[in-house]
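S.K.: Numbering-wise (numbering that gives the first Met the number 0), the sequence shown opens with residue 0 and increments by one. Don't be surprised by glycine CBs; every beta carbon is placed ideally from N, CA and C.
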Amino acid sequence: MSYLKLSGGPALQGELAVQGAKNSVLPILAATLLSAGECVIHNCPKLKDVDASIRILQTLGCRARWEGHTLIVDTAGMTCGEIPDGLMREMRSSVIFLGAILARCGRSVLSYPGGCELGPRPIDLHLAALQALGAGIEERGGNLYCSAGKLHGSEITLSLPSVGATENTLLAACGAEGTTVLCNAAREPEIVDLQNFLRAMGADIHGAGSSTIVVRGGKPLHGCTHTVISDRIAAATYLSAAAAAGGDVLLRQVDYRHLSTVTAALKEAGCTVHSGSDWVRLRSRGALRAIRPVRTAPYPGFPTDAQAVLMAAMLRSRGTTLFIENIFENRYRHVAELLRMGANIRTEGRVAVVCGVQTLHGAKTVATDLRGGAGLVIAALAAEGESEIAALEHIDRGYEDLAGNLASLGAQIVRVDK
Ligand code: UD1
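1) Where are the alpha helix (DSSP H) runs, 4 residues long or more, that stay fully inside the segment 49-118, in chain order?
2) So for isoleucine 394, helix, strand or coil by DSSP?
3) Please report the residue range of the alpha helix (DSSP H) in which valine 442 lies.
4) Here's the rule: buried if 16 or more other CB atoms are within 10 angstroms of the residue's CB, otherwise exposed. What is arginine 288?
5) Where does glutamate 37 sit, in a helix, a strand or coil, going by DSSP?
6) Alpha carbon to alpha carbon, how far is alanine 410 from proline 9?
7) Look at the alpha carbon of isoleucine 212 and the alpha carbon of proline 302, and state the distance between them as a whole number of angstroms.
8) Pull up the CB-CB distance for asparagine 167 and valine 94, whole angstroms please, since I reckon it's below 8 Å.
9) Counting along the chain, where does the beta strand (DSSP E) carrying threonine 156 start and finish?
10) If I measure Cβ to Cβ from histidine 393 and keep anything under 6 Å in the same chain, skipping five residues before and after, which residues do I get?
11) Please report the distance separating the alpha-carbon of aspartate 73 from that of glycine 355.
12) What is the residue span of the alpha helix (DSSP H) that threonine 262 lies within?
13) Nearest by alpha-carbon distance to glutamate 187: which of Ala172, Arg215 and Asp254 is it?
14) Within its chain, find whatever has a CB closer than 7 Å to the CB of arginine 139; leave out the 5 residues flanking it on each side and keep chain order.
15) Under 8 Å Cβ to Cβ from proline 160, same chain only, skipping five residues before and after it: list those, please.
16) Can you tell me whether leucine 25 sits near the ligand UD1, meaning its C-beta is under 6 Å from at least one heavy atom of the ligand?
17) Between the segment 379-398 and the segment 256-265, can you find at least three pairs of beta-carbon atoms closer than 8 Å?
18) Relative to the alpha-carbon of glutamate 37, which residue among Val308, Ile27 and Gly222 has its alpha-carbon at the smallest distance?
19) Any beta carbon from chain C within less than 7 Å of leucine 33's own beta carbon?
20) Check the DSSP bridge columns for threonine 226 and list the partner residues they point to.
21) Quick one: give me the first and last residue of the alpha helix (DSSP H) that serine 23 is part of.
22) Please determine if the segment 229-248 and the segment 305-317 are in contact, where contact requires at least 3 C-beta pairs separated by less than 8 Å.
23) Please state if the CB of isoleucine 71 and the CB of arginine 64 are separated by a distance shorter than 7 Å.
24) Return the Cβ separation of arginine 251 and leucine 15 in integer angstroms, given the expectation that the two are a contact with Cβ distance under 8 Å.
25) Do you know how far the Cα of glutamate 324 is from the Cα of isoleucine 344?
26) Does any heavy atom of the ligand UD1 sit closer than 6 Å to the C-beta of proline 121?
27) Using only the alpha-carbon positions, how far apart do cysteine 115 and histidine 225 sit?
28) Cβ of threonine 320 within 6 Å of any heavy atom in the ligand UD1?
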């Protein structure tokens, strides 16, 4: 079993180029299925979830190869087969393939996507939107049997702005005859990136970034070249690490506009933050102060994915900070592990009360989920003594070389692969 070995103490200093966005590249890889061509995807992060997506594409007869951080996907040989249960379970966002497969093949058989680490993650909105576009969907024995002789455009209103349901609907709508108007769509930057990718393929789509997205479907789509946007959550993680450990860190290849709620919180906590068009610099003395309640919300609100890493940065702050998790029901699983390091946190339902402590101490902990695992790393960087963090398979889903990047900034951290 692999684990991270860390010693807290050193301030973080230096520069880092931030990886491409996991949450952009996953729907983009699904979107490659919409054409029978070659897509060249630059700035593609090397992650476990990306590997799982590549295996799904390969299972469907597509070819993929890496050239550095460029992934070249050739979907000409796509067969309209099933995605095996094991692959569906491996990656929770595998359901985004559904809309694209329906658009290209007119039918799809999938098992329910895996697990529920953050509480129930239903896909009812995905299915209702695809049904509105003309798909017939039957659930039998844990499988979804989906068929759509011909998809047709429709006006669809999501009851909440689900990121995945928005993406699935857009992919299917590209293959539907006629116009789809998607209301109450998610407004995340990753949706805009998906729109840009689809446009590069020849799709007629506009409105991403606002709540209403319009797709004029049925256009012939072709291969394309695209550069994935930077990962705002990875950036938030490195900024929170520098805030907690102290230091002076410059992140390159970031869009500061995507980080405004995170940097506002870190400024309020006492960090100095400057930014330019594609960089953000944070300086911290490591001694933070409590901030106003942090409420997670759909973009442009404070991202649920940055909740755990900001919480970790606030553990040694002066005063009490409230976190209110409005997106997922069970997103405080990292708290029990943080308590092992001497943190003072109480949770009740969607609320976590973080009372700053003077010192944290190193401990042996286990990553509970992707962002919670990153939170443990940050807490360990701010703790006295040595920590170990196991269950790295969670962290590897979304961070490319987290340990190597932090070590390049001066952190005492090594990955032990056994
Ligand atoms: C995406 C992100 C994830 C992020 C989340 C919220 C990817 C690969 N993952 O996940 O990192 O934490 O957005 O920003 O992009 N819901 C329903 N029914 C549905 C779909 C969703 O009730 O059919 C609920 C969910 O249970 C959750 C909320 O809507 O409470 C938001 O989920 P959603 O935006 O869909 O998140 P994901 O797309 O799964």
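M.R.: Reading from the atomic positions:
1) 84-89 and 96-104
2) One-based indexing of the sequence shown puts residue 394 at position 395. If DSSP states are grouped into helix, strand and coil, isoleucine 394 belongs with the helices.
3) Only positions 0 to 417 of the chain appear in this structure, which leaves residue 442 out of reach.
4) The residue you call residue 288 lines up with position 289 of the sequence shown. With fewer than 16 other Cβ atoms within 10 Å, it is exposed.
5) Here residue 37 refers to the residue found at position 38 when the sequence shown is read from its first residue. Looking at glutamate 37 - three-state DSSP - the assignment turns out to be strand.
6) Mapped onto the sequence shown, residue 410 falls at position 411. Mapped onto the sequence shown, residue 9 falls at position 10. Each residue's alpha carbon lies about 6 Å from the other.
7) Residue mapping note: residue 212 aligns to position 213 of the sequence shown, counting from 1. Residue mapping note: residue 302 aligns to position 303 of the sequence shown, counting from 1. For isoleucine 212 and proline 302, the distance between alpha carbons rounds to 21 Å.
8) Within the sequence shown, residue 167 is the residue found at index 168, counting from 1. Within the sequence shown, residue 94 is the residue found at index 95, counting from 1. 7 Å between Cβ atoms; contact.
9) Mapped onto the sequence shown, residue 156 falls at position 157. Counting along the chain, the beta strand (DSSP E) containing threonine 156 begins and ends at 154-156.
10) Translated into positions along the sequence shown, residue 393 becomes position 394. Here the set comprises Ala366, Asp368, Leu369 and Gly372.
11) For this step, residue 73 is matched to residue 74 along the sequence shown. For this step, residue 355 is matched to residue 356 along the sequence shown. It is roughly 52 Å from the alpha-carbon of aspartate 73 to the alpha-carbon of glycine 355.
12) Translated into positions along the sequence shown, residue 262 becomes position 263. It spans 259-267 - the alpha helix (DSSP H) in which threonine 262 sits, taken as one unbroken run.
13) As a working note, residue 187 is residue 188 in the sequence shown. With distances taken between Cα atoms, glutamate 187 lies closest to Asp254.
14) The count along the sequence shown starts at 1 and reaches residue 139 at position 140. Excluding sequence neighbours, arginine 139 sits near nothing in its chain.
15) Residue numbering aside, residue 160 sits at position 161 when the sequence shown is read from its first letter. Answer for proline 160: Asn183, Ala184, Ala185, Arg186, Ser210 and Pro297, listed in chain order.
16) Reading the sequence shown from its first residue, position 26 is the one you call residue 25. Yes, the beta carbon of leucine 25 sits closer than 6 Å to at least one heavy atom of the ligand UD1.
17) no
18) Locating residue 37 in the sequence shown gives position 38, counting from the first residue. The candidate whose alpha carbon is nearest that of glutamate 37 is Gly222.
19) In the structure shown, chain C does not exist; there is a single protein chain.
20) In the sequence shown, residue 226 corresponds to position 227, counting from 1. According to DSSP, threonine 226 bridges with His41.
21) Taking the sequence shown and counting its residues from 1, the one referred to as residue 23 is at position 24. Residues 21-30.
22) yes
23) Here residue 64 refers to the residue found at position 65 of the sequence shown. Here residue 71 refers to the residue found at position 72 of the sequence shown. Cβ atoms of arginine 64 and isoleucine 71: closer than 7 Å.
24) Within the sequence shown, numbered from 1, the residue matching residue 251 stands at position 252. Within the sequence shown, numbered from 1, the residue matching residue 15 stands at position 16. Beta-carbon to beta-carbon, arginine 251 and leucine 15 are separated by about 7 Å, close enough to satisfy the 8 Å threshold.
25) Your numbering for residue 344 matches position 345 in the sequence shown. Your numbering for residue 324 matches position 325 in the sequence shown. In a straight line, the C-alpha of isoleucine 344 is about 14 Å away from that of glutamate 324.
26) Along the sequence shown, read from residue 1 onward, the residue named residue 121 stands at position 122. The closest heavy atom of the ligand UD1 lies less than 6 Å from the beta carbon of proline 121.
27) If you number the sequence shown from 1, residue 115 lands on position 116. If you number the sequence shown from 1, residue 225 lands on position 226. Only weak support is given to the placement of cysteine 115: the predicted model assigns it a pLDDT of 41, under 50, and the question is left unresolved by the model.
28) Mapped onto the sequence shown, residue 320 falls at position 321. No - the ligand UD1 has no heavy atom lying nearer than 6 Å to the Cβ of threonine 320.
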